[in-house]
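Quick notes on the structure that follows.
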Amino acid sequence: MEYKILKQEGRAKRATVTTVHGTIQTPVFMNVGTVAAIKGAVSTADLEEIGTQIELSNTYHLHVRTGDETIKKLGGLHKFMSWNRPILTDSGGFQVFSLAGLRRIKEEGVYFNSHIDGRKIFMGPEESMHIQSNLASTIAMAFDECPPSKAERSYVQSSVDRTTRWLERCKNEMKRLNSLDDTINKEQLLFGINQGAVYADIRIEHAKRISEMDLDGYAVGGLAVGETHEEMYHILDETVPYLPKDKPTYLMGVGTPANILEAVDRGVDFFDCVYPSRNGRHGHLYTNHGKINLFNSKYELDGRPIEEGCQCPACRRYSRAYIRHLLKAKEMLGMRLCVLHNLYFYNTMMTEIRDALDTGEFAAYKKRKLDSMNSSGN
RNA sequence: GGAUGGGUAUGCCUAGCGGCGAGGGCAGCGGACUGUAAAUCCGUCACAAAGAAACAGCGCAGGUUCGAGUCCUGCCCCAUCCA
4 MEYKILKQEG
14 RAKRATVTTV
24 HGTIQTPVFM
34 NVGTVAAIKG
44 AVSTADLEEI
54 GTQIELSNTY
64 HLHVRTGDET
74 IKKLGGLHKF
84 MSWNRPILTD
94 SGGFQVFSLA
104 GLRRIKEEGV
114 YFNSHIDGRK
124 IFMGPEESMH
134 IQSNLASTIA
144 MAFDECPPSK
154 AERSYVQSSV
164 DRTTRWLERC
174 KNEMKRLNSL
184 DDTINKEQLL
194 FGINQGAVYA
204 DIRIEHAKRI
214 SEMDLDGYAV
224 GGLAVGETHE
234 EMYHILDETV
244 PYLPKDKPTY
254 LMGVGTPANI
264 LEAVDRGVDF
274 FDCVYPSRNG
284 RHGHLYTNHG
294 KINLFNSKYE
304 LDGRPIEEGC
314 QCPACRRYSR
324 AYIRHLLKAK
334 EMLGMRLCVL
344 HNLYFYNTMM
354 TEIRDALDTG
364 EFAAYKKRKL
374 DSMNSSGN
């Protein structure tokens with residue numbers, strides 16, 4: 004892997020990440036396809052059309068269904084879902100958080116009850132790396148624990164210490180797996196994850212420790228899980244400077260367009276979020292004049308596209324009124340068009356961010372974009 | 001004309017079988033969603049700004065009963081079948 008910084012403006016970075024599956028232009032928004040599918044009937048062919056550079060899938064979800072061993076037999080995730088650009092797999096660490104009622108955390112790893120059929124599943128650092136190696140993603144994420152934002156300081160400290168020990172194990176196991184003959188992607192990359200909830204000093208200590216481990220990239224996890232935006236920005240201000248500057252930085256699970264603009268400004272390269280896809284399925288559309296809810300009756304007779312001038316597959320052809328009709332009629336096409344629009348909006352915003360960084364106009368672009376999205380032209 | 005089954009709130013469907021100040025679903029209207037257990041979830045949906053108190057409503061009219069959407073009588077409508 005090669006990480007090359009092309010431009011910097013303040014702490015914002017314009018860079019490229021070269022991988023075995025191609026070069027990623029950053030800052031980048033990864034499109035989330037948890038179960039090797041972008042929900043809303045969006046295909047990988049669609050992703051190419053809307054400018055997706057890198058897709059994200061999930062270790063836990065693919066392990067419980069259809070199984071990483073099966074996917075390995077079918078040639079790995081790229082071949083399986085017919086996507087030859089980079090893929091990042093999340094480690095299952097977030098499911099330790101999101102499936103809180105269905106798991107027990109121990110030093111060796113996490114015991115889950117499958118959300119599909121209740122069967123017992125054990126996942127620790129080695130298991131997560133093994134599954135991700137079977138999936139043969141471009142970038143594997145370390146297996147971490149994502150503590151709730153409101154967790155007690157003492158709990159967060161012990162959780163972060165354990166996550167650090169898990170990271171050592173992830174690194175060792177990844178090295179071992181990459182050296183095996185039957186490993187599909189022997190150059191699988193490993194990103195570590197910073198944790199520490201909203202305690203800046205714990206975050207900083209942790210950032211320093213994992214920075215010494217010479218990983219391929221570094222993520223900030225455990226944000227946007229209930230804390231305020233101000234707290235999140237504050238943590239980024241405090242923590243990102245302690246992560247290696249010569250490696251990509253990834254803010255996990257974030258976020259709104261405004262969150263992304265603020266985080267780029269604080270040095271983040273990679274993002275992912277379910278918002279564009281989930282909100283799309285729910286009829287909420289992102290535009291340069293704020294978010295709109297197409298279910299609202301005021302759009303019943305609105306013959307305009309979701310966004311005037313947008314080149315996405317929905318806006319090039321269909322009106323708000325028609326898409327609203329599809330949504331109300333529960334036609335799959337309605338959700339699909341909305342998801343395509345939202346992902347296109349996010350991907351396009353990232354292109355604009357990169358262009359602005361290229362020309363040294365990010366600060367102006369950010370202000371203009373935020374002002375525009377806060378205006379109400381819908 | 002006869003037989004049978006039905007008429008439940010602002011639109012539709014439906015639970016109810018003596019304590020109902022009537023439950024649920026759809027539709028409608030609005031909201032939420034941040035490394036996806038989410039095409040999900042929540043609110044609202046007679047009147048009242050809201051709370052206390054009080055109060056409308058189960059086809060219509062009577063009756064029985066401490067108490068009736070529920071039981072009885074008559075009538076009106078709807079559906080199906082038979083003449």
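Throughout, our numbering is defined as the position within the first sequence, counted from one, plus 3.
Glycine included, every Cβ here is placed at the ideal spot set by N, Cα and C.
Asked	Found
E130 versus Y114, N299 and R14, residue with shortest Cα-Cα distance	Y114
N- and C-terminal bounds of the beta strand (DSSP E) containing Q11	E5 to E12
Alpha-carbon spacing of I187 relative to L77, whole angstroms	11 Å
Limits of the alpha helix (DSSP H) - the one that K331 falls within	R323 to K331
Assigned secondary structure, I238 (DSSP; H/G/I helix, E/B strand, else coil)	helix
Outcome for S157 when other beta-carbon atoms lying within 10 angstroms are tallied against a minimum of 16	exposed
First through last residue of the alpha helix (DSSP H) which encompasses S60	No alpha helix (DSSP H) contains S60, which is instead part of the beta strand (DSSP E) from E58 to N61.
Identity of the residues DSSP links to H287 by a beta bridge	N296
Any 3 or more C-beta pairs closer than 8 Å across the stretch 296 to 310 and the stretch 322 to 332	yes
At least 3 beta-carbon pairs within less than 8 Å: the stretch 148 to 156 vs the stretch 224 to 231	yes
Cβ-Cβ separation, L180 to M132 (assumed contact under 8 Å), whole Å	6 Å
E176 classed as buried or exposed, judged by whether at least 16 other C-beta atoms fall within 10 angstroms	buried
Where M132 falls: helix, strand or coil (DSSP)	helix
Identity of the residue in V35, C149 and A40 nearest Y278 by Cα	V35
Reference A332; option with closest CA among V163, G286 and S136	G286
Any 3 or more C-beta pairs closer than 8 Å across the stretch 256 to 268 and the stretch 9 to 16	yes
Check whether H24 and N87 have beta carbons under 8 Å apart	yes
Among T252, T22, A261 and L254, nearest to K370 - alpha-carbon criterion	A261
Start and end residues, beta strand (DSSP E) containing V20	A15 to T22
8 Å contact criterion, which M144 and A222 should meet: CB distance rounded	7 Å
Reference G121, options D147, R172 and G104, closest by Cα	G104
L80 versus L304 - alpha carbon distance	43 Å
Where R179 falls: helix, strand or coil (DSSP)	helix
Unbroken stretches of the alpha helix (DSSP H), 4 residues or longer, contained in the stretch 102 to 180	128 to 138
Distance between I207 and E364 (C-alpha atoms, nearest Å)	30 Å
Simplified DSSP assignment, three categories, for V228	coil
Cβ-Cβ separation, D275 to M33 (assumed contact under 8 Å), whole Å	4 Å
Distance, T47 Cα to I57 Cα	11 Å
Proximity of F273 and T29 at Cβ, strictly below 8 Å	yes
Within 8 Å, strictly: CB atoms of I124 and L91	no
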